[in-house]
Amino acid sequence: MGVSSNKDENVVNVYIGIALAGSLLFGYGLSSMNTMKEAIGVEFGWSGSELTANFSYLSTAVYIGAAAGSLSGSFLSKYGRRVMNLCLHGLFVLGGLVCAFSNGFAMLLIGRLLAGLGVGLTTVASPMIISEISPLEIRGANGVRHQLFITVGILLGMALGAPFNFESFFIPTNIYMRLMLGLPAAVSLLTLSVILFWKKSDTPNYLVSVGKKAEAQKLLRAIYKKQDIETEYRSLLAVESSPGSKSMGIFSALKDKWYRSAIIVGVVLSIGQQASGINAFVSLSNSIFQSAGITGSNLSLANVVMGVVNCLMTFPAIWIVDSFGRKSLYVMGVGGMTVSLSLVPLAIISPWASCLPTVSVISVVGFIVFFAVSAGPVLWVVLNEIFPPEISGAACGVCAALNWVTGICVVQLVALFEDAKYTNTIFTSFAGASAIVFVFLIFFFKESKGRSNADSPYLEGRPCADSLALNAKGSVDRYV
573 MGVSSNKDEN VVNVYIGIAL AGSLLFGYGL SSMNTMKEAI GVEFGWSGSE
623 LTANFSYLST AVYIGAAAGS LSGSFLSKYG RRVMNLCLHG LFVLGGLVCA
673 FSNGFAMLLI GRLLAGLGVG LTTVASPMII SEISPLEIRG ANGVRHQLFI
723 TVGILLGMAL GAPFNFESFF IPTNIYMRLM LGLPAAVSLL TLSVILFWKK
773 SDTPNYLVSV GKKAEAQKLL RAIYKKQDIE TEYRSLLAVE SSPGSKSMGI
823 FSALKDKWYR SAIIVGVVLS IGQQASGINA FVSLSNSIFQ SAGITGSNLS
873 LANVVMGVVN CLMTFPAIWI VDSFGRKSLY VMGVGGMTVS LSLVPLAIIS
923 PWASCLPTVS VISVVGFIVF FAVSAGPVLW VVLNEIFPPE ISGAACGVCA
973 ALNWVTGICV VQLVALFEDA KYTNTIFTSF AGASAIVFVF LIFFFKESKG
1023 RSNADSPYLE GRPCADSLAL NAKGSVDRYV
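So this is what it looks like as structure tokens:
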């Protein structure tokens, strides 16, 4: 039995590389504006309450665009993953260029909305593509790379924004700011050139669904690095030929109790991830740390530490997500997030309230550590395992949209209550939300490790799913 050539192996790497380019820009879009606030104010003559209000609108624009972009994922997935990639990187190019050449608030707002649409579409497209292109035995590990590159993008935004804190820099501040705003356009132009000139830009799942079975078989041989891919190919055919293989809308899916249970789990986990406060810490880290008493150079240091920890602690998840299983890793991580976030409220009511700045950094870093190995990466892996193919596009889109809407609400609420006297309320609320998710995971989340979405654990017992699950399980058993 032969194996695929190095050229074929590179095909898989390029697929994942294209998907991860979107993930990188996802993270960069979240953190970069946080570092440019003062520079943007100087460039456009904003200060005081005007700067605060305009910056709040610009930050929120990404979330609004992301929510809308997430919902478009289901529609665009019908036209293939290549089309999804072309659209999302086209949006990043437009958004980056509009921001870089903006002459005022209106253009900046439009650019941020366009970038947000790209971020939202990435939320659906990147995990979907990585899931469909990865062998089952490493699907979880590859799925974590989506979150890893989001954290790399977040860290990149923080690192490139560090010179704004220098008294002097070799590039004028206004020019450097516009270069940072335009960076996503450059990255996406490079990615688009790869997509346009590299013809094989779809996944086996989509190729089978449109009848390109020979192409699907060729790609499966590259993915699994062997010539005999009969089991894997039959699994895809079983999904495509099943009675329920036709895509369903979210409202139709909710009428089926098996689909509904999977959707409820996905929705709760998606909302819970953002309700923990992760994007508030990323987008408003300066304000949160300042309200806890951290100022000056210590503020920049706290931000850098948070970004580095977020990035580095995602690496362990790559190796342990397929060993520990999704549920045990998720429960452990969310439990740790809850404990970490509880440290600040406990410190405030304790005799050690004077140590609040130190405790707040420990609390946030601890939270980031546990988030980075659990709720951050595992959510996107799980969403592409628990939804059967016929509802995957619609359900993932709705979950991603709700994830972003929750992020909007959390960021705006934190911005309203950034005064130091509300520090206890902020951290207590985040800890409470994490505690609710912790309990939900224990009682309602089913392990999905080693299962394709055609063999979703939430379809067990569903009569019309039994034959499909048996066909799909043939390519799964050896990995469980």
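In terms of the working numbering, the sequence shown is residues 573 to 1052. Using N, Cα and C, we set each Cβ at its ideal position, and we do this for glycine too. Given the structure is predicted, the values throughout are model-derived calculations rather than measurements.
Nearest candidate by alpha-carbon position, reference Ala1003, set Ile940, Thr723, Lys798, Ile890: Here the question's residue 1003 lines up with position 431 in the sequence shown. Measuring from the Cα of Ala1003, the nearest candidate turns out to be Ile940.
Endpoints, alpha helix (DSSP H) assigned at Ala972: Here residue 972 is taken as the residue at index 400 of the sequence shown, counted from 1. Where Ala972 is concerned, the enclosing alpha helix (DSSP H) stretches over 961 to 988.
Cβ neighbour criterion (16 or more within 10 Å) applied to Phe853: The residue given as residue 853 occupies position 281 in the sequence shown. Around the Cβ of Phe853, a 10 Å sphere holds 16 or more other Cβ atoms; the residue is buried.
For Val945, three-class secondary structure by DSSP: Start at 1 with the first residue of the sequence shown, and residue 945 comes out as number 373. Looking at Val945 - three-state DSSP - the assignment turns out to be coil, as it is neither helix nor strand.
Pairwise C-alpha distance: Leu808 and Phe800: Position 228 of the sequence shown, counted from the first residue, corresponds to residue 800. Position 236 of the sequence shown, counted from the first residue, corresponds to residue 808. Before going further, note that residue 800 is Asp rather than Phe in the sequence given. Their backbone Cα atoms lie some 15 Å apart in a straight line.
Inter-residue Cα distance where the pair is Val880 and Ala786: Taking the first residue of the sequence shown as position 1, residue 880 is located at position 308. Taking the first residue of the sequence shown as position 1, residue 786 is located at position 214. If you take the alpha carbons of Val880 and Ala786, they lie about 45 Å apart.
8 Å Cβ cutoff met for Pro949 and Ser1028: In the sequence shown, residue 949 corresponds to position 377, counting from 1. In the sequence shown, residue 1028 corresponds to position 456, counting from 1. Cβ distance not < 8 Å, so Pro949 and Ser1028 don't count as in contact.
Met878 versus Val903 - alpha carbon distance: As a working note, residue 878 is residue 306 in the sequence shown. As a working note, residue 903 is residue 331 in the sequence shown. Cα to Cα, Met878 sits roughly 22 Å from Val903.
Span of the alpha helix (DSSP H) around Trp891: Numbered from 1 along the sequence shown, position 319 holds the residue referred to as residue 891. Note, Trp891: alpha helix (DSSP H), 887 to 896.
7 Å Cβ shell around Glu615 - same chain, five flanking residues per side excluded: By 1-based counting over the sequence shown, the position of residue 615 is 43. Asn746, Met749, listed in sequence order.
Whether Leu901 touches Val945 by CB criterion (8 Å): Within the sequence shown, residue 901 is the residue found at index 329, counting from 1. Within the sequence shown, residue 945 is the residue found at index 373, counting from 1. In this structure, Leu901 places its C-beta atom within 8 Å of the C-beta atom of Val945.
Endpoints, the alpha helix (DSSP H) within which Cys671 is located: Reading the sequence shown from its first residue, position 99 is the one you call residue 671. Unbroken alpha helix (DSSP H) run through Cys671: 653 to 672.
Assigned exposure category for Pro776 - 16 Cβ within 10 Å defines buried: The count along the sequence shown starts at 1 and reaches residue 776 at position 204. Per the 10 Å Cβ criterion, buried.
Per-residue DSSP class, three states only, for Arg684: Start at 1 with the first residue of the sequence shown, and residue 684 comes out as number 112. Secondary structure of Arg684 (DSSP, three-state): helix.
Alpha-carbon to alpha-carbon, Asn657 and Glu1032: For the purposes of this step, residue 1032 is taken as the residue at position 460 of the sequence shown. For the purposes of this step, residue 657 is taken as the residue at position 85 of the sequence shown. Taking the straight line from one Cα to the other gives about 33 Å.
Backbone CA spacing between Ile836 and Thr695 [nearest angstrom]: Against the sequence shown, residue 836 aligns to sequence position 264. Against the sequence shown, residue 695 aligns to sequence position 123. Roughly 19 Å between the two C-alpha positions.
Beta-carbon spacing of Tyr796, Pro917 below 8 Å: For the purposes of this step, residue 796 is taken as residue 224 along the sequence shown, with counting starting at 1. For the purposes of this step, residue 917 is taken as residue 345 along the sequence shown, with counting starting at 1. Judged by beta-carbon spacing, Pro917 lies beyond the 8 Å limit of Tyr796, meaning their Cβ atoms are not closer than that value.
For Cys671, the nearest candidate out of Val953, His661, Arg684 (CA to CA): As a working note, residue 671 is residue 99 in the sequence shown. Of the listed residues, the one whose Cα sits closest to Cys671 is Arg684.
Distance between Ser628 and Thr560 (C-alpha atoms, nearest Å): The question about residue 560 has no answer, for the chain in this structure spans 573 to 1052.
Residue of Ile743, Thr1000, Ile892, Ile958 minimising C-alpha distance to Ala919: As a position in the sequence shown, residue 919 is number 347, starting the count at 1. Checking every option, the nearest Cα to that of Ala919 belongs to Thr1000.
Beta-carbon gap between Met752 and Met608 smaller than 8 Å: Position 180 of the sequence shown holds residue 752. Position 36 of the sequence shown holds residue 608. For Met752 and Met608, yes; Cβs fall inside 8 Å.
Contact under 8 Å by Cβ, Ala847 with Val982: By 1-based counting over the sequence shown, the position of residue 847 is 275. By 1-based counting over the sequence shown, the position of residue 982 is 410. Yes.
Presumed contact (8 Å Cβ cut-off) between Ile822 and Ala966, rounded CB distance: For this step, residue 822 is matched to residue 250 along the sequence shown. For this step, residue 966 is matched to residue 394 along the sequence shown. About 5 Å separates the two Cβ atoms, so the contact holds.
Neighbour-count burial assignment, Ala625, 16 or more Cβ in a 10 Å radius: As a first step, residue 625 must be located in the sequence shown, where it is residue number 53. Ala625 comes out exposed.
Nearest-angstrom Cα separation, counted from Thr632 out to Gly688: On the sequence shown, position 116 is the one that residue 688 refers to. On the sequence shown, position 60 is the one that residue 632 refers to. Using only the alpha carbons, I get a separation of about 9 Å.
Span of the alpha helix (DSSP H) around Phe736: Position 164 of the sequence shown, counted from the first residue, corresponds to residue 736. Phe736 -> no alpha helix (DSSP H), and no H or E assigned at all.
Per-residue burial, Pro744 [other beta carbons within 10 Å of its own, 16 or more giving buried]: Locating residue 744 in the sequence shown gives position 172, counting from the first residue. Under this definition Pro744 is an exposed residue.
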